[in-house]
Amino acid sequence: MALIEAAMPSLGATSTDVATTATNEMKAEMRMAVHSPSEWLYLLCPEWASSNAEIAAATDALLISYKPYLGGQLSSQLLCRLSIFGRETFDFPWMEGNSPPSSDFWKIIGVEDDFDRAYIVGNIERFCSFYNICGGNPNDSSISAAFSPIASAPQGCDGAKDGNAMKIQQRRSKCALKEREKEAFALRKAAEKAARAASREEKRQQKIEIKRQRAEMAKMQREVAFKKVAEVVQ
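Per my numbering, the very first residue in the sequence shown carries number 44; after that it's consecutive.
See the structure below:
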């Protein structure tokens, strides 16, 4: 990853500088890069990672726990998409000023501070722009392509939006269904609890009635015995 270390200090350059700095070979290599979250942090945010070594180290285990199938590794493209583009906004509405980039991913893997997450995402944005990580063609030096993969395939834009809208709606429907199932389960449990309480009370009342009947029978037997004794005495 010497290319990152060599190029990152100059990432504050203008878009024209960036377009002439990163070669096609560098872009291709960066698109193929795969690292753990902590390694990306030390590569892209070395000062922050050094100052927050425990948080940086913990991100690897948290990623494995969160998504085990990734094996604790993030490709450069997945890193940029998770950090910049968010999970439910693949139409990138903030490019039109509607909403900010999502940084929830870094919160999930342990970076709790809002400012720290914004700092990390900012550095990843520069990295993504510099190497055109999410652009359609690594030979295309246009910086706008780095932030809008839709620009590389304009014919699929509407379809992508419709597909993502459908996915969001499906997730919402699943959430609503789960809520209804929880409510039904709670009602069923409450009814079962009430039925058990009623059954216990009925059994208690039956026991009380049996004891009362036995007491009355014993009383009657004593009275009969006393009468017989009185008759014998007379």
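Glycine residues also receive a C-beta, built at the ideal position from the N, C-alpha and C atoms. Please read these numbers as outputs of a predicted model, since none were measured by experiment.
Where residue i falls, given that 16 or more other Cβ within 10 Å makes a residue buried
{"i": "E259", "result": "exposed"}
{"i": "C218", "result": "exposed"}
{"i": "P89", "result": "exposed"}
{"i": "G153", "result": "buried"}
{"i": "K271", "result": "exposed"}
{"i": "L22", "result": "Only positions 44 to 277 of the chain appear in the structure, and residue 22 is not among them; the question remains open."}
{"i": "L122", "result": "buried"}
{"i": "F173", "result": "buried"}
{"i": "M263", "result": "exposed"}
{"i": "S119", "result": "buried"}
{"i": "M209", "result": "exposed"}
{"i": "E245", "result": "exposed"}
{"i": "I251", "result": "exposed"}
{"i": "I167", "result": "buried"}
{"i": "A240", "result": "exposed"}
{"i": "M73", "result": "buried"}
{"i": "R243", "result": "exposed"}
Endpoints, the alpha helix (DSSP H) within which residue i is located
{"i": "S172", "result": "D157 to Y174"}
{"i": "C123", "result": "S119 to C123"}
{"i": "I107", "result": "A96 to Y109"}
{"i": "I152", "result": "Looking at the DSSP string, I152 is not in any alpha helix (DSSP H), and its letter there is neither H nor E."}
Distance CB(residue i)-CB(residue j) smaller than 7 Å
{"i": "V164", "j": "Q116", "result": "no"}
{"i": "K70", "j": "N175", "result": "yes"}
{"i": "F170", "j": "L87", "result": "yes"}
{"i": "D103", "j": "S79", "result": "yes"}
Minimum C-alpha distance to residue i - residue among the options
{"i": "L84", "options": "A238, E235, Y162 and E252", "result": "Y162"}
{"i": "E97", "options": "F170, E168 and E155", "result": "E155"}
{"i": "I151", "options": "Q120, A101, I167 and S119", "result": "A101"}
{"i": "S81", "options": "N95, S108, M75 and M73", "result": "N95"}
{"i": "M75", "options": "C177, D157, K110 and A99", "result": "C177"}
Which residues DSSP lists as bridging residue i, in chain order
{"i": "V77", "result": "S118"}
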